[in-house]
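Peer 1:
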Amino acid sequence: EVQLVESGGGLVKPGGYLRLSCAASGFTFSSYSMNWVRQAPGKGLEWVSSISSTSSYIYYADSVKGRFTISRDNAKNSLFLQMNSLRAEDTAVYYCARYNNAFDYWGQGTLVTVSS
Amino acid sequence: DIQMTQSPSTLSASVGDRVTITCRASQSISNWLAWYQQKPGKAPNLLIYKASSLESGVPSRFSGSGSGTEFTLTISSLQPDDFATYYCQQYNSYSTTFGQGTKLEIK
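Read top to bottom, the protein sequences are chains A and B.
Counting in my numbering, the first sequence runs without a single skipped number right up to 116 at its last residue.
Counting in my numbering, the second sequence runs without a single skipped number right up to 1107 at its last residue.
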């Protein structure tokens, strides 16, 4: 069974940082591109970042470019999102999602709250 | 970036109704379009990919159509479990974008 489990969310002050993790199981993690998608409270879905299977290709939404860094460790079946210089507008549930004919599996999400 | 516009934003319908949700892209995306269902407090669930391909395990009352810039999601006969929010997504470019969502409510 495919599982994606996010962790690392929490309350952080503006200007602070957090590192999110996504633990994958039930599939060959190293064969798939992975993504982070976020959803602000009561709002729609916003793609954040993507990384190819071998980390050769990395992309970011303009809203996070220069502040967030996506990475992966295929040996540990893990995806990461380093979030620096956090702003109030980064407050959201962050989901990791596998790309395979669109985003076919999603984690349950981890809440990031940026507030003083 | 490619913009995705869904209509309507809210749809009221009854069990057994046939409903259609529309998604328009700001430029051609061929058939690189997906549809998701999301229930409160849950992650989105993939329903349709490549505009018209039904994801494994998704009931056949869901169908998708379209290409280029105009797409539709149709639910042939609404069931109580179908009341949720639906999102379209284009993945024609590396910078994927979602529609703003359509909330399907019980009439």
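All C-beta atoms, glycine included, are put in the ideal place defined by N, C-alpha and C.
Just so you know, these numbers come straight off a predicted model, no measurement behind them.
Pull up the distance between the alpha-carbon of residue 1057 of chain B and that of residue 1045 of chain B, whole angstroms please.
Peer 2: Start at 1 with the first residue of the second sequence, and residue 1057 of chain B comes out as number 57. Start at 1 with the first residue of the second sequence, and residue 1045 of chain B comes out as number 45. Approximately 11 Å between the Cα atoms of the pair.
Peer 1: The beta strand (DSSP E) that contains residue 26 of chain A, what's its start and end?
Peer 2: Counting from 1 along the first sequence, the entry for residue 26 of chain A is found at position 26. Here residue 26 of chain A belongs to no beta strand (DSSP E), and DSSP marks it neither H nor E.
Peer 1: In chain B, which residues lie with their C-beta within 7 Å of the C-beta of residue 102 of chain A?
Peer 2: Residue numbering aside, residue 102 of chain A sits at position 102 when the first sequence is read from its first letter. By Cβ distance, chain B contributes 1034, 1046, 1049, 1089 and 1091.
Peer 1: Alpha carbon to alpha carbon, what distance is there between residue 1035 of chain B and residue 101 of chain A?
Peer 2: Against the first sequence, residue 101 of chain A aligns to sequence position 101. Against the second sequence, residue 1035 of chain B aligns to sequence position 35. Cα to Cα, the separation comes out at about 11 Å.
Peer 1: Going by beta carbon distance, what residues of the same chain come within less than 7 Å of residue 33 of chain A, once the five residues before and after it are set aside?
Peer 2: Here residue 33 of chain A is taken as the residue at index 33 of the first sequence, counted from 1. Closer than 7 Å at Cβ, skipping near neighbours: 50, 51, 52, 53 and 99.
Peer 1: Which value, in whole angstroms, describes the spacing of the CA atoms of residue 28 of chain A and residue 1080 of chain B?
Peer 2: As a working note, residue 28 of chain A is residue 28 in the first sequence. As a working note, residue 1080 of chain B is residue 80 in the second sequence. C-alpha separation (whole angstroms): 36 Å.
Peer 1: Taking residue 1086 of chain B as the query, report the chain A residues whose CB atoms sit under 9 Å from its CB, ordered along the chain.
Peer 2: Within the second sequence, residue 1086 of chain B is the residue found at index 86, counting from 1. By Cβ distance, chain A contributes nothing, its closest Cβ being about 11 Å from residue 1086 of chain B, past 9 Å.
Peer 1: The beta strand (DSSP E) that contains residue 111 of chain A, what's its start and end?
Peer 2: Taking the first sequence and counting its residues from 1, the one referred to as residue 111 of chain A is at position 111. Residues 110 to 114.
Peer 1: Just the chain B side, please: which residues come within less than 8 Å of residue 61 of chain A by C-beta, in chain order?
Peer 2: Here residue 61 of chain A is taken as the residue at index 61 of the first sequence, counted from 1. Per Cβ cutoff of 8 Å: 1095.
Peer 1: Does DSSP put residue 1084 of chain B in a helix, in a strand, or in coil?
Peer 2: Counting from one through the second sequence, the residue named residue 1084 of chain B turns up at place 84. Three-state result, residue 1084 of chain B: coil.
Peer 1: Is there at least one Cβ from chain A nearer than 8 Å to residue 1098 of chain B's Cβ?
Peer 2: Numbered from 1 along the second sequence, position 98 holds the residue referred to as residue 1098 of chain B. At least one chain A Cβ lies under 8 Å of residue 1098 of chain B.
Peer 1: Assuming the contact rule is C-beta atoms closer than 8 Å, residue 93 of chain A and residue 38 of chain A should be a hit. Round their C-beta distance to whole Å, please.
Peer 2: By 1-based counting over the first sequence, the position of residue 93 of chain A is 93. By 1-based counting over the first sequence, the position of residue 38 of chain A is 38. Going by Cβ atoms, the distance from residue 93 of chain A to residue 38 of chain A rounds to 7 Å, so yes, they are a contact pair.
Peer 1: Could you list which residues in chain B have their beta carbon closer than 7 Å to that of residue 45 of chain A, in chain order?
Peer 2: In the first sequence, residue 45 of chain A corresponds to position 45, counting from 1. Simply 1044, 1087 and 1098.
Peer 1: Within a Cβ cutoff of 7 Å, which residues of the same chain sit near residue 104 of chain A, ignoring the five residues on either side of it in sequence?
Peer 2: The sequence position of residue 104 of chain A within the first sequence is 104, counting from 1. Cβ within range, chain order: 98.
Peer 1: Count the other C-beta atoms from every protein chain shown that fall within 10 angstroms of the C-beta of residue 1094 of chain B, then say buried if there are 16 or more, exposed otherwise.
Peer 2: As a working mapping, residue 1094 of chain B is identified with position 94 in the second sequence. Exposed, since its Cβ has fewer than 16 Cβ neighbours within 10 Å.
Peer 1: Identify every residue that forms a DSSP beta bridge with residue 1075 of chain B.
Peer 2: Reading the second sequence from its first residue, position 75 is the one you call residue 1075 of chain B. In the DSSP output, where bridge partners are listed per residue, residue 1075 of chain B has B:1019 and B:1062.
Peer 1: Among A:42, A:43, A:21 and A:36, which residue has its Cα nearest to the Cα of residue 61 of chain A?
Peer 2: As a working mapping, residue 61 of chain A is identified with position 61 in the first sequence. Ranking A:42, A:43, A:21 and A:36 by Cα distance to residue 61 of chain A puts A:36 first.
Peer 1: By the three-class DSSP mapping on this structure, what secondary structure does residue 1031 of chain B have?
Peer 2: Counted from its first residue, the second sequence places residue 1031 of chain B at position 31. Three-state DSSP puts residue 1031 of chain B in coil, outside helix and strand.
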